[in-house]
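Notes follow once the structure below has been shown.
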Amino acid sequence: MRKRSWIFLFSIVMAFAFVLAGCSDDSEEASTSNDSGGDSQATSGTSGGSGGSAKPTLERVKERGKIIVGVNGKLPGFGYVDENGEYSGFDVDFGRALAAAIFDDPNAIEFRPLSAQERFTALQTGEIDVLIRNTTWTLTRDTEVGGQFAPTTFYDGQGIMVRKDSGINSLEELEGARIGVQAGTTTELNLADQFRKLGIEYEAVVFEDSNALVAAYEQGSVDAWTTDKSGLVSRQSTLKNPDEHKILSESLSKEPLGPVVRQDDSQWFDIVKWVTLATIEAEELGINSQNIDSFMDSDNPVVRRFVGVESNLGEKLGLTNDFAVRVIKAVGNYGEIYDRHLGPDTVFKLERGLNDLWTNGGLLYSPPFR
Amino acid sequence: MGNLNDEKAINHVHTPVEGTPDKEPPKTSVGVLGWLKENLFSSWFNTILTFIFAWILYVLIKGTLSWVFLSADWNVITKNFALYFVGQYPKEEIWRVWTSLSIVSLLFGFSSGLWKGTVRQLSVTLSVIYAIIAVMPFITGESRVWLGINILFIYAGMFAISKIPKHKVITITGWLISFPVIIFMLHGFGVFSEVSTNLWGGLLLTVLIATVAIVASFPIGVLLALGRMSSKLPIIRWVCIAYIELIRGVPLITILFMAQLMIPLFMGGINIDNVLRVMIGATLFTAAYLAENVRGGLQSIPRGQHEAAQALGLNSTYRTTFIILPQALRAVIPAIVGQCISMFKDTALVAIVGLIDLLGIAQTIVANPKFLGKQMEAYLFIALIYWVISYSMSYASRRLEKNLGVGER
Numbered sequence: 001m002r003k004r005s006w007i008f009l010f011s012i013v014m015a016f017a018f019v020l021a022g023c024s025d026d027s028e029e030a031s032t033s034n035d036s037g038g039d040s041q042a043t044s045g046t047s048g049g050s051g052g053s054a055k056p057t058l059e060r061v062k063e064r065g066k067i068i069v070g071v072n073g074k075l076p077g078f079g080y081v082d083e084n085g086e087y088s089g090f091d092v093d094f095g096r097a098l099a100a101a102i103f104d105d106p107n108a109i110e111f112r113p114l115s116a117q118e119r120f121t122a123l124q125t126g127e128i129d130v131l132i133r134n135t136t137w138t139l140t141r142d143t144e145v146g147g148q149f150a151p152t153t154f155y156d157g158q159g160i161m162v163r164k165d166s167g168i169n170s171l172e173e174l175e176g177a178r179i180g181v182q183a184g185t186t187t188e189l190n191l192a193d194q195f196r197k198l199g200i201e202y203e204a205v206v207f208e209d210s211n212a213l214v215a216a217y218e219q220g221s222v223d224a225w226t227t228d229k230s231g232l233v234s235r236q237s238t239l240k241n242p243d244e245h246k247i248l249s250e251s252l253s254k255e256p257l258g259p260v261v262r263q264d265d266s267q268w269f270d271i272v273k274w275v276t277l278a279t280i281e282a283e284e285l286g287i288n289s290q291n292i293d294s295f296m297d298s299d300n301p302v303v304r305r306f307v308g309v310e311s312n313l314g315e316k317l318g319l320t321n322d323f324a325v326r327v328i329k330a331v332g333n334y335g336e337i338y339d340r341h342l343g344p345d346t347v348f349k350l351e352r353g354l355n356d357l358w359t360n361g362g363l364l365y366s367p368p369f370r
Numbered sequence: 371m372g373n374l375n376d377e378k379a380i381n382h383v384h385t386p387v388e389g390t391p392d393k394e395p396p397k398t399s400v401g402v403l404g405w406l407k408e409n410l411f412s413s414w415f416n417t418i419l420t421f422i423f424a425w426i427l428y429v430l431i432k433g434t435l436s437w438v439f440l441s442a443d444w445n446v447i448t449k450n451f452a453l454y455f456v457g458q459y460p461k462e463e464i465w466r467v468w469t470s471l472s473i474v475s476l477l478f479g480f481s482s483g484l485w486k487g488t489v490r491q492l493s494v495t496l497s498v499i500y501a502i503i504a505v506m507p508f509i510t511g512e513s514r515v516w517l518g519i520n521i522l523f524i525y526a527g528m529f530a531i532s533k534i535p536k537h538k539v540i541t542i543t544g545w546l547i548s549f550p551v552i553i554f555m556l557h558g559f560g561v562f563s564e565v566s567t568n569l570w571g572g573l574l575l576t577v578l579i580a581t582v583a584i585v586a587s588f589p590i591g592v593l594l595a596l597g598r599m600s601s602k603l604p605i606i607r608w609v610c611i612a613y614i615e616l617i618r619g620v621p622l623i624t625i626l627f628m629a630q631l632m633i634p635l636f637m638g639g640i641n642i643d644n645v646l647r648v649m650i651g652a653t654l655f656t657a658a659y660l661a662e663n664v665r666g667g668l669q670s671i672p673r674g675q676h677e678a679a680q681a682l683g684l685n686s687t688y689r690t691t692f693i694i695l696p697q698a699l700r701a702v703i704p705a706i707v708g709q710c711i712s713m714f715k716d717t718a719l720v721a722i723v724g725l726i727d728l729l730g731i732a733q734t735i736v737a738n739p740k741f742l743g744k745q746m747e748a749y750l751f752i753a754l755i756y757w758v759i760s761y762s763m764s765y766a767s768r769r770l771e772k773n774l775g776v777g778e779r
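So the sequences go chain by chain: Y and D.
Position 201 of the first sequence, counted from 1, bears residue number 201 in the numbering used here, the numbering being contiguous throughout.
Positions in the second sequence are counted from 1; adding 370 to them yields the numbering used here.
This is the structure we're talking about:
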């Protein structure tokens, strides 16, 4: 018995030695090829710039003839497989926008469904070109984990759902309430932070599983439950009587979700960034997939630059000048993407809120295309 | 539930006594009434139990039936039917999956013509399943034609095989080359248009991973078991022990995560297909467990067998291959089949590492806003598929045990 456990220990030590050896190799490679991060020390550690980073990502993508996008395949509204076996959803459409910008074909794309744990490894090793998988932009992920965050495509936040007949309209009125929360998530910590700040007494009821949590809420054993607002909304539509529930307008946390790329390729980062921004800029300019042809001979210099008949913005990115037109024709502007997957015609009926243009009181703001 | 005291049952045995005319037994001791009285209402305690369980059964069945027929929405199955079986495999290339299935059906037909018995029962069951699927109202015409072809192949193979010369050789080689041929058909490898493995999904992927893991782990497992048992080669023995104990000390999901996360890190730029990675992980895992099963078999062989073989002048290779291993493997058939069944079900774990196997496809289908909240229906359906396949395997193994006389020695 003692011999056996000794072997086991030895094997573990060996395995760790291999892991460490692998990491140090990677960080060397990362620091030599890293031209975007200033301090190479900060990007070493877990950040791996391997995966054949000798070649620029754009070149590799073009050689391959398709872009590989890491997505969440199991998130209602954001990523799922539809009846025709095609990936569909809000996040998926931003991947298709990239494919359209590069290849003028929204289907020149391969989706790699990823779990939350493996998403960053897949990105670091070069298995995927871009990660669009409801990933929250945080400082750690931007630095240590080695991600580079393109503009936020969805401003989420933790919310709270209550029954309408409870008469609760704000966080303060939840004094003494039993609030259901999922164990081991940041939502549990956010809830504690937020309520301590407000000085409200409450009773947290912790559940292992989100299904059990929703079931408990439906049966009335908790007064309210909390998770990300997009999650609350998608769950609400599955409740027996969705109209008897409501989501409080306050947010307990900030969850900006957007595309992530590796740190080692600033050109590729620019492409992902400006393709995403193109959908926002198009909405601001009033351009959508239906009317875009009528804008091709516009006199407005801003529009002319955007659609690529003036200046050479696309070439500066390494794309063609009409990349924005390709994107809009393929997936539409931001508003169209939003409405298609989350808007009033879907089961979610999610209001734009923060995800509206800055001109409408939202947070979406595109720097100028010039 | 009712038959608590067997002694009473003896009292009911009807023995004709000489000289007295045969009388009809009392109605309450034979037939349906007799059976009921004997098994369900033999004492006041059993009567109470019977009523309690009858009530529980009634509630359960009523609830289940009313859910199945009234409140469940089976659109989540019917609208996505093809997805469950082949995942995202392109529609225009679907004939390749059908052709692969036809090969398997034909081989089943051949085998059942050759060996009859269990294989024939399984083949007939398979054809019945095909037929049931074919008559479902939501199946497309094309699929019905293919299912018809498959049924035809099973029965044609069954009757034709005996008329072909060298039928045994043909069937066995057929099974051996079928797997590479099927992989070739599914992938294309440049001959047909390529369908990359990330589009393989659903039951197709589950079966492929399970098959590879079971088939490939068998030789590895046997070698590991022999290595662990070898007394003359201490280094090989130590390596085998280390491998087996290391793998058995780690949960499968950990190995799958290692395969998905570590291999790409170690391999630098070289990209190993992630389906292949999972297959390797599952094979290495199964091999360790199989090795322990086989070792159990090896240890059950009495020392006399070794000595007898030695006395016949066989060298150690012949001794192991022809005397020891066949007996050892035969002794552990139930354990090995159990391992296969558990491997087949364990493939569901690949859904966690991002592959869309049968479970993965169900999870992604219920994320479709049109089918939100239909998890029950989807999971029940895939549970049924898992059950049918696992039960077929365990049934086949039971029959095999009987035919080989395992456990009757």
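For each residue, glycine too, the CB sits at the ideal point set by N, CA and C.
Note that the coordinates shown come from a computational prediction; the quantities given were computed from them, not determined experimentally.
Test item: CB-CB of residue i and residue j under 9 Å
{"i": "Ile473/D", "j": "Ser497/D", "result": "no"}
{"i": "Phe480/D", "j": "Met528/D", "result": "yes"}
{"i": "Val181/Y", "j": "Thr136/Y", "result": "no"}
{"i": "Ile128/Y", "j": "Arg112/Y", "result": "yes"}
{"i": "Ser311/Y", "j": "Arg304/Y", "result": "yes"}
{"i": "Val261/Y", "j": "Val71/Y", "result": "no"}
{"i": "Val325/Y", "j": "Ile292/Y", "result": "yes"}
{"i": "Ile752/D", "j": "Ala737/D", "result": "no"}
{"i": "Ala122/Y", "j": "Pro507/D", "result": "no"}
{"i": "Trp465/D", "j": "Trp516/D", "result": "yes"}
{"i": "Val648/D", "j": "Ala679/D", "result": "no"}
{"i": "Leu575/D", "j": "Asp727/D", "result": "yes"}
{"i": "Val69/Y", "j": "Ile102/Y", "result": "no"}
Chain-ordered neighbours of residue i on chain Y, where CB pairs are closer than 9 Å
{"i": "Ile547/D", "result": "Simply none; closest approach about 30 Å."}
{"i": "Leu646/D", "result": "Under the 9 Å cutoff, chain Y gives no residues; its nearest Cβ is about 13 Å from Leu646/D."}
Per-residue contacts from residue i into chain D (C-beta, under 7 Å)
{"i": "Tyr80/Y", "result": "Thr734, Ala737, Asn738"}
Beta-carbon neighbours of residue i, restricted to chain Y and to distances below 7 Å
{"i": "Gln669/D", "result": "Simply none; closest approach about 18 Å."}
{"i": "Ile726/D", "result": "Gly73, Pro113"}
{"i": "Val723/D", "result": "Ser115, Glu118"}
{"i": "Gln630/D", "result": "Glu118"}
{"i": "Asn416/D", "result": "Result: empty, since nearest Cβ-Cβ is about 37 Å, beyond 7 Å."}
{"i": "Pro507/D", "result": "Simply none; closest approach about 17 Å."}
Cβ neighbour criterion (16 or more within 10 Å) applied to residue i
{"i": "Phe570/D", "result": "The sequence given here has Trp at residue 570/D, not Phe. Buried: at least 16 other Cβ atoms inside 10 Å."}
{"i": "Tyr365/Y", "result": "exposed"}
{"i": "Gly683/D", "result": "exposed"}
{"i": "Ile706/D", "result": "buried"}
{"i": "Ala583/D", "result": "buried"}
{"i": "Asn360/Y", "result": "exposed"}
{"i": "Phe269/Y", "result": "buried"}
{"i": "Trp358/Y", "result": "exposed"}
{"i": "Pro151/Y", "result": "buried"}
{"i": "Thr687/D", "result": "exposed"}
{"i": "Tyr217/Y", "result": "buried"}
Given residue i as reference, the closest of the options once Cα atoms are compared
{"i": "Lys66/Y", "options": "Arg352/Y, Glu255/Y, Asp105/Y, Ala177/Y", "result": "Asp105/Y"}
{"i": "Thr717/D", "options": "Ala530/D, Ile633/D, Leu626/D, Gly597/D", "result": "Leu626/D"}
{"i": "Leu742/D", "options": "Tyr80/Y, Arg64/Y, Ser251/Y, Lys62/Y", "result": "Tyr80/Y"}
{"i": "Gly674/D", "options": "Ala661/D, Arg689/D, Arg665/D, Glu662/D", "result": "Arg689/D"}
{"i": "Ile509/D", "options": "Ile726/D, Lys449/D, Gly560/D", "result": "Lys449/D"}
{"i": "Asp322/Y", "options": "Val331/Y, Lys316/Y, Val309/Y", "result": "Val309/Y"}
{"i": "Ile650/D", "options": "Leu406/D, Gly404/D, Ala586/D, Trp444/D", "result": "Ala586/D"}
{"i": "His341/Y", "options": "Gly73/Y, Asp165/Y, Phe78/Y", "result": "Phe78/Y"}
{"i": "Glu188/Y", "options": "Glu175/Y, Ser210/Y, Gly167/Y", "result": "Ser210/Y"}
{"i": "Ile521/D", "options": "Phe411/D, Lys538/D, Ser493/D, Gly511/D", "result": "Ser493/D"}
{"i": "Asn773/D", "options": "Ile703/D, Ala501/D, Leu719/D", "result": "Ile703/D"}
Contact list for residue i against chain Y, beta-carbon separation under 8 Å
{"i": "Leu742/D", "result": "Pro76, Ser234, Ser237, Thr238, Val347"}
Chain-ordered chain D contacts of residue i [CB-CB under 9 Å]
{"i": "Gly85/Y", "result": "Asn450, Ala452, Leu453, Val456, Gly457, Gln458, Tyr459, Pro460, Lys461, Leu569, Gly571"}
Within chain D, partners of residue i - CB distance below 8 Å
{"i": "Glu110/Y", "result": "Ser566, Asn568"}
Under 9 Å by beta carbon: chain A residues contacting residue i
{"i": "Glu127/Y", "result": "The displayed structure is made up of protein chains Y and D, and chain A is not among them."}
The stretch 232-245 of chain Y contacting the stretch 159-176 of chain Y, beta-carbon criterion three pairs below 8 Å: yes
The stretch 402-416 of chain D / the stretch 528-545 of chain D touching (three or more Cβ pairs under 8 Å): Output reads no: the stretch 528-545 of chain D does not touch the stretch 402-416 of chain D.
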